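Residue numbers (this note's numbering), protein chains in the order written: chain A, 19 to 222; chain B, 19 to 222. From the three backbone atoms N, C-alpha and C, an ideal C-beta is built for every residue, glycine too. No experiment lies behind these values; they were computed from the predicted model shown. Notes for the one structure printed next.
Protein chains: 2
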Amino acid sequence: MAPKCKLSYFALMGLSEPIRFLLSYGKMDFEDIRYEFEQWPPVKTSTPYGKLPVLEIDGKKMHQSTAICRYLGKKLGLAGENDWESAEIDMAVDTITDLRLKLSDYYWEPDEAIKQKKKETVFKETLPFYLERLNEQVKENGGYLAAGKMTWGDIFFAALCDYMNGVAQFDITKDYPNLASLKKKIRELPAIKEWISKRPVTNI
Amino acid sequence: MAPKCKLSYFALMGLSEPIRFLLSYGKMDFEDIRYEFEQWPPVKTSTPYGKLPVLEIDGKKMHQSTAICRYLGKKLGLAGENDWESAEIDMAVDTITDLRLKLSDYYWEPDEAIKQKKKETVFKETLPFYLERLNEQVKENGGYLAAGKMTWGDIFFAALCDYMNGVAQFDITKDYPNLASLKKKIRELPAIKEWISKRPVTNI
Chain A
19 MAPKCKLSYF
29 ALMGLSEPIR
39 FLLSYGKMDF
49 EDIRYEFEQW
59 PPVKTSTPYG
69 KLPVLEIDGK
79 KMHQSTAICR
89 YLGKKLGLAG
99 ENDWESAEID
109 MAVDTITDLR
119 LKLSDYYWEP
129 DEAIKQKKKE
139 TVFKETLPFY
149 LERLNEQVKE
159 NGGYLAAGKM
169 TWGDIFFAAL
179 CDYMNGVAQF
189 DITKDYPNLA
199 SLKKKIRELP
209 AIKEWISKRP
219 VTNI
Chain B
19 MAPKCKLSYF
29 ALMGLSEPIR
39 FLLSYGKMDF
49 EDIRYEFEQW
59 PPVKTSTPYG
69 KLPVLEIDGK
79 KMHQSTAICR
89 YLGKKLGLAG
99 ENDWESAEID
109 MAVDTITDLR
119 LKLSDYYWEP
129 DEAIKQKKKE
139 TVFKETLPFY
149 LERLNEQVKE
159 NGGYLAAGKM
169 TWGDIFFAAL
179 CDYMNGVAQF
189 DITKDYPNLA
199 SLKKKIRELP
209 AIKEWISKRP
219 VTNI
C-alpha cells in the first residue's frame, strides 16, 4: 500500500478541493488536515512560502495548488498525451484561475463600498464573459475542457466550482449547459461522488 | 526553416518578456506585435479570453503566458526530466507569479491612498518575504530555481525581473546575491543578450 499522503489547508474547499478530488479519484488515501484561521500564524512559518495548501507526498513537501494538481494528473493518467494536449489543459486551467482570482478579489475585499462595485463588475461582466467562452470550448472539445477527453483540468474545474459557487451564492454553471453537464459528469464518478458524500460541509 | 511565429502583446515587457526570452534562446524567429492601449478594444474580441499575450505557433493560437512558457520550455529541452523535476519548476514559477501579482496589484491600483498603503505592504513585507526564500532556494539548487539545473523557470524569472524591477523602480535582486547571479547568468546567454540589446526599450 502506498504511504498515506497528508494535505494541509484551511477548513474550506477553496484551492484544495481540486487536490482532494484528484486524490479521491486515484483512491489515494490522504490525511485531510484543516486549520482554522486562528491556528494559522504559527503554521505559516512552517510552509515553503507562507501559504497553503501543502501536500506531503512521496516523501516530499509540495506547495502551489495548480502545480500539485498537474503532478497528480500525471500520476493518475489524466495528463495530455503530448506537449500540445498538455498545453491545452494548462491554458484551460490558468483561464479558470483567472476567473477564480476575480471572484476572490471581490469576495475578500474588506471595504464594503469597493466590494459592491467589484460585485457589479464580477457578476455583470466577468462571469458571463468567461462562462460563455468556457461553455463554447467544452462544446468544441466533445464535452471536456481540453484534448477531447477527460483530463485533470476537468476535475480541477468541477472541484473549483464549489468555491466559485459559494462566492457567487448560486451555481455559476446554471445557464451554461455544457459546463453544467461537465461538472455533473465529473462529480458522478464513483470515487469523487463518495468523497463529496463524506467530506466536511463548508460554504466555500 | 520553421515558420515564423507571431507574438501579440502590449508595448511592454510584462508577461510577454519570458516568452520573448524563450523564443530568442531557441533562435525561433518571431514577429513581435505590440499594441498601444488605445488600439486594444477591437483586438480584445479576437483573442481567446480577451487577454494578451497570444502566441501563434505551429499553426495554433496559444494564450496564457505561463502555459506558453511551459510549452516552449519542453520544445527547447528546458523542462524537467521527470514528473518531480517538472513539478519543482511549476512550483517555482507559480510562486514568482504570486509575487508578480502582488506587485501588479499595487502598481495598477487606481486610488492613490489605497495605492500608498499597498506600496508599504509590498515593499516592507511581500518583497523581502518572497525574495529571501527564493534566494535560499536558488542556493540549495546549485544556482538555479529548480531541479539543480537551468530550466525554463530560470528564464521565466530572469525575464519577469524586468517587469518587477520597473514596478519597484529598483533591481529587486540587489540584496539577494543568489538571485542576482542567476538573473545575470541567464541574461548573459548569447541569444538572450542579443535580444536584450535589440529589443524596444520600455519601463515595465
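Neighbour list for G68 of chain A in chain B, Cβ cutoff strictly below 7 Å: F147
Segment contact, 8 Å Cβ cut-off, at least three pairs: the stretch 154–166 of chain A with the stretch 188–198 of chain A: yes
Whole-number beta carbon distance between I86 of chain B and G98 of chain B, since they are thought to touch under 8 Å: Not confirmed; about 17 Å, so no contact.
Sub-7 Å separation of E49 of chain B and K24 of chain B beta-carbons: yes
Neighbour flag for R151 of chain A against chain B, beta carbons, 7 Å: Output row for R151 of chain A: interface = yes.
Residues bridged to V72 of chain A [DSSP beta-bridge criterion]: Its beta-bridge partners are A:S26 and A:H81.
Given 8 Å, three or more beta-carbon pairs between the stretch 134–141 of chain B and the stretch 108–126 of chain A: no
As assigned by DSSP and simplified to three states, the class of D129 of chain A: coil
Contact with chain B by Q82 of chain A, beta-carbon distance below 7 Å: yes
DSSP three-state assignment for D50 of chain A, whether helix, strand or coil: Three-state DSSP puts D50 of chain A in a strand.
Members of the stretch 26–48 of chain A near chain B, C-beta cut-off 8 Å: none
Length of the line joining the Cα atoms of F39 of chain B and K202 of chain A: Taking C-alpha positions only, F39 of chain B is separated from K202 of chain A by approximately 42 Å.
Given 8 Å, three or more beta-carbon pairs between the stretch 126–134 of chain A and the stretch 29–46 of chain A: Fewer than three Cβ pairs drawn from the stretch 126–134 of chain A and the stretch 29–46 of chain A lie within less than 8 Å of each other, which leaves the two stretches out of contact.
Simplified DSSP assignment, three categories, for Y181 of chain A: helix
Three-state class that DSSP yields for D193 of chain A in the structure shown: In the structure shown, D193 of chain A sits in coil (DSSP, three-state: anything other than H, G, I, E or B).
Inter-residue CB distance, I204 of chain B and A176 of chain B (contact presumed, cutoff 8 Å): 4 Å
Interface residues of the stretch 72–101 of chain A facing chain B [CB-CB below 8 Å]: Listed in sequence order: D76, K78, M80, H81, Q82, T84, A85, I86, R88, Y89, K92, K93 and D101.
Straight-line Cα distance separating I37 of chain A from A186 of chain A: 22 Å
Within-7 Å CB hit, A105 of chain B to chain A: yes
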